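Colleague:
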Amino acid sequence: MAEDKQEKRASALAKKRPLFQTKKDVMKFVRGILELVSIIVIAYVAIHSLFVMKSYQHYDENDPKIMSTRKSDHGFVALSYFGVDRQGTDSLIAIKRLDEELSDLKRLGYVTVSQKDLENYYYHDKPLPKKAVFIMFEDGRKDTLLFTEKLLEKMNYQASILTYGEKFKNNDQKFVSPKDLQNLQKQGFWELGTNGYRLSYINAYDRYGRFLGELDSREFVEINQFIGRNYNHYLMDYIRDKNHIPVESTREMDKRLSKDYQLMKQVYGQRVGQLPDLYCLMHSNTSRYGNNANVSAVNARNLEGMFKLNVNREGYSWNSRKSSPYDLTRLEPQAWWYRNHLLMRIRDDLPKKDKGNIKFVKGNKRKFNQWKLVKGAAEFKNDLVAVTSESESNGLIALKNRQFRDCHLQCELLGNKIGQQTIYLRTQGTATKKKDYTDYLAVSVENNVLYVRQKTAGHVRTLVKQDMFKLHDDHPVSILQDKQAALTAELKVRAKFARNNTTAGLYRLKAAKAARKKPKTVKQGAKEYVPTIQIQDPGDVKLDLTVAGDRLDLKVDGIRVAKQVKLAGQPAGGLALESIFGGFGASQRNIADDVYDGVFKNLVVTSPDDQRTYYDERLHGWDLFKDKWNNFWNAVINWFIVNL
10 MAEDKQEKRA SALAKKRPLF QTKKDVMKFV RGILELVSII VIAYVAIHSL FVMKSYQHYD
70 ENDPKIMSTR KSDHGFVALS YFGVDRQGTD SLIAIKRLDE ELSDLKRLGY VTVSQKDLEN
130 YYYHDKPLPK KAVFIMFEDG RKDTLLFTEK LLEKMNYQAS ILTYGEKFKN NDQKFVSPKD
190 LQNLQKQGFW ELGTNGYRLS YINAYDRYGR FLGELDSREF VEINQFIGRN YNHYLMDYIR
250 DKNHIPVEST REMDKRLSKD YQLMKQVYGQ RVGQLPDLYC LMHSNTSRYG NNANVSAVNA
310 RNLEGMFKLN VNREGYSWNS RKSSPYDLTR LEPQAWWYRN HLLMRIRDDL PKKDKGNIKF
370 VKGNKRKFNQ WKLVKGAAEF KNDLVAVTSE SESNGLIALK NRQFRDCHLQ CELLGNKIGQ
430 QTIYLRTQGT ATKKKDYTDY LAVSVENNVL YVRQKTAGHV RTLVKQDMFK LHDDHPVSIL
490 QDKQAALTAE LKVRAKFARN NTTAGLYRLK AAKAARKKPK TVKQGAKEYV PTIQIQDPGD
550 VKLDLTVAGD RLDLKVDGIR VAKQVKLAGQ PAGGLALESI FGGFGASQRN IADDVYDGVF
610 KNLVVTSPDD QRTYYDERLH GWDLFKDKWN NFWNAVINWF IVNL
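When the letters of the sequence shown are read in order and numbered with our numbering, they come out as residues 10 to 653.
1) For Tyr353, which beta-bridge partners are listed by DSSP?
2) Would you kindly work out how many angstroms separate the C-alpha atoms of Gln412 and Gln579, rounded to a whole number?
3) What are the start and end residues of each continuous alpha helix (DSSP H) run of 4 or more residues lying completely inside the segment 177-229, in chain order?
4) Residues in the same chain with beta-carbon distance under 6 Å from Leu351, minus the five sequence neighbours each way, listed in chain order, please.
5) Please state whether the Cβ-Cβ distance between Pro485 and Thr555 is less than 8 Å.
6) Taking the straight line between their C-alpha atoms, what separation do you get for Ser169 and Asp69?
7) Give, in chain order, every unbroken run of the beta strand (DSSP E) that is at least 3 residues long and sits entirely within the segment 467-538.
8) Please report the straight-line C-alpha distance between Gln194 and Glu200, rounded to a whole angstrom.
9) Please give me, in chain order, every unbroken run of the alpha helix (DSSP H) with length at least 4 that falls completely inside the segment 339-413.
10) Is the segment 459-478 close to the segment 520-528, with three or more CB pairs under 8 Å?
11) Quick one: grab the DSSP three-state call for Val281.
12) To which residues of the same chain is Glu128 closer than 8 Å at the C-beta, ignoring the five residues directly before and after it?
13) With distance defined between alpha-carbon atoms, name the residue in Lys390, Leu337, Asn311 and Arg330 nearest to Asn349.
14) Roughly how many whole angstroms lie between the Cα atoms of His242 and Glu388?
15) For Tyr538, tell me which candidate among Arg560, Val93 and Leu489 has the shortest Cα-Cα distance.
16) Taking C-beta to C-beta, are Gln430 and Leu450 nearer than 8 Å?
17) Ala87 lies in the beta strand (DSSP E); which residues open and close that run?
18) Should Ser258 be labelled buried (16 or more other beta-carbon atoms within 10 Å of its own) or exposed?
19) What three-state label does DSSP hand Thr121 in the structure shown?
20) Quick check: the Cα distance between Lys426 and Gly592, rounded to an integer number of angstroms?
21) What is the DSSP secondary structure of Lys551, counted as helix, strand or coil?
22) Is Gln579 helix, strand or coil when you go by DSSP?
23) What does DSSP give as the partner residue(s) for Asn241 in the beta ladder?
24) My output table needs one value for Tyr270: the three-state DSSP class, helix, strand or coil.
25) What distance in whole Å lies between the Cβ atoms of Val396 and Gly385, which are believed to be in contact at a cut-off of 8 Å?
26) Taking the beta carbon of Val502 as the centre, do at least 16 other beta carbons fall within 10 Å, making it buried, or is it exposed?
27) Just confirm the distance between the C-beta atoms of Gly440 and Val383, as a whole number of angstroms; I'd bet it's less than 8 Å.
28) From this set, Ala535, Gln533 and Ala495, which residue's C-alpha is nearest Phe229's C-alpha?
29) Determine the closest residue to Asp82 out of Asp94, Phe184 and Lys361, with distance taken between C-alpha atoms.
30) Who does Leu155 pair with in a DSSP beta bridge?
31) Which same chain residues end up closer than 6 Å to Val120 when comparing Cβ atoms and leaving out the 5 residues on each side of it in sequence?
32) Would you kindly work out how many angstroms separate the C-alpha atoms of Leu552 and Leu423, rounded to a whole number?
33) May I have the straight-line CA-CA distance separating Arg339 from Tyr166, to the nearest angstrom?
34) For the alpha helix (DSSP H) containing Ala309, list its first residue and its last residue.
35) In its own chain, which residues sit with a C-beta less than 6 Å from the C-beta of Asn303, not counting the 5 before and 5 after it?
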């Protein structure tokens, strides 16, 4: 009995004992609650980032504010993205950049149109919206779906995903499956189109003119750094030998191409259930369907017999009622474009009556208002400004109400190598769309060559010239060495994708033999290999410039390229930033772009002793904290998207 009484007494005391006996207990409880809340919030955001919760809502065809009439036709803009990546690559657009571009179209009042809308437009004379955009994503990549679907839901936009029939047959895991496509169409944000049966290349040569013949997409990707533009797509030409002479008759060519169409029709019918209405021919970009009239006729017979729409060209975004539904054109926005770049290209393509509908992005309005926009467009974003040129011309902004003579300037130039980015100091006079400054001191990077120039009394002098390739050319490669590398790479790829072990072994032996050779080096007197600059090649040039009196010092990427260069006398003047179209440049992917983004990051201009600040583009304080926090939070969400 005594023991029972003691147990009851102990139990009563335990019930009276407070839940938190120490401050440490309180902290543990609070920390546990915060951890639980954090997990719930992250899980909620991740789920909403991954799964589509809504269905696509078609625009109201009876709304006169949205719709055109037969008498006031506005046509439509067609955009086609190569693919989407979480962070972006040189060819795949980053999610954030795609979000910005679609948001801009939404802000301007653009609504997406479907394949059925286009068919009704061309075949039944029905009107489209006044601001209509048709969006495609090529190559049918799974990551494109993963990263894009929530954006379409957010904008209530619809897009077509273009796929290759051969990928279904081979069950390639990098590309969407037939099951994926069937699930996609339930919410209505996606429609199905096709790029054809296969992505394959014929009549290919490396950059030294060595004949490679036919390459499939895997082989092409592995050695494309050694290939220029001398190749063709599978359906675009006769198969030829190394002397460009056809090795097949017209009848054989017809049979080969027609078989490809039949294979496409068969695999889509068996695996997807139907052949899409939309075809995108890779890549004609002529007014016909191939590089040869006979080839074009075979393609025309097949595609016009199977499809209702064909996107045949790239580089121009606008289509009208006068366009052929089998010769439509699309613009392929590139991963390195800034927001105003796409808007500038669309504006250039629109008819005159609609050009005024395009309003450019300013970004940070407080910073934007410190500058005068002379020409083109400018977006102030965090710690950089992107100055977008007009078509085959320039873009120019000038700092308001700020004059100085001597200065210490630091800046990163992030525009692509093909093009011109210029920083003007000591500007005199007023620049306009047609008139230059009367005097200035300018540092610029033009197609990967750096210049420092001074203009006085109408005369321009070049003070410094530096080839940026040679500035970092620490280990020069000879043409003979590069030619050897191209041959070795090709033989290794042939071995990797050979049909049997015997053939693979023979190619490996050839590759090993080619690699053992020791071609003449630059030090031994051989000519250096200098790569052709591609239109997509990024530039990242760090400038550190000091101007004091009649002397100039300049460091580029931490390397001193000019010391105590003598200047002509000039008074205090203004600061301006310019971007200039630098030519179409080389492009393996058949890209033609006549607009250029000059990108100026972390621009800071102070007095030579750094005691006074004339201009500072860098982030500070709360803005810097917010930027770092946003980057961290986006990284967390992206991790969940990729790894869940």
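All C-beta atoms, glycine included, are put in the ideal place defined by N, C-alpha and C. Source: prediction; values computed, not measured.
Modeller: With the given structure in hand:
1) The displayed chain sequence assigns Met, not Tyr, to residue 353. Per DSSP, none; premise fails for Met353.
2) About 12 Å.
3) Listed in chain order, they are 187-193.
4) Result list for Leu351: Glu110 and Pro342, in chain order.
5) In this structure, Thr555 does not lie closer than 8 Å to Pro485 by Cβ.
6) 20 Å
7) 468-476
8) Those two C-alpha atoms are separated by around 6 Å.
9) 348-358 and 374-377
10) no
11) coil
12) Asp286, Lys317, Leu318 and Pro334
13) Lys390
14) Taking the straight line from one Cα to the other gives about 38 Å.
15) Leu489
16) Between Gln430 and Leu450, the C-beta gap is not smaller than 8 Å, which leaves the two residues out of contact.
17) Phe85 to Tyr90
18) exposed
19) strand
20) 11 Å
21) For Lys551, the secondary structure class from DSSP, reduced to helix, strand or coil, is strand.
22) coil
23) Beta-bridge pairing links Asn241 to Ile211.
24) helix
25) 6 Å
26) buried
27) Correcting the residue identity first, residue 440 is Ala in this sequence and not Gly. Between Val383 and Ala440 the Cβ distance is about 6 Å, and since that is below 8 Å, they are a contact.
28) Ala495
29) Lys361
30) Per DSSP, none; premise fails for Leu155.
31) Tyr68 and Pro138
32) Pairing Leu552 with Leu423, the inter-Cα distance amounts to about 11 Å.
33) Their backbone Cα atoms lie some 17 Å apart in a straight line.
34) Looking at the DSSP string, the run of the alpha helix (DSSP H) that includes Ala309 is Ala302 to Met315.
35) Thr259
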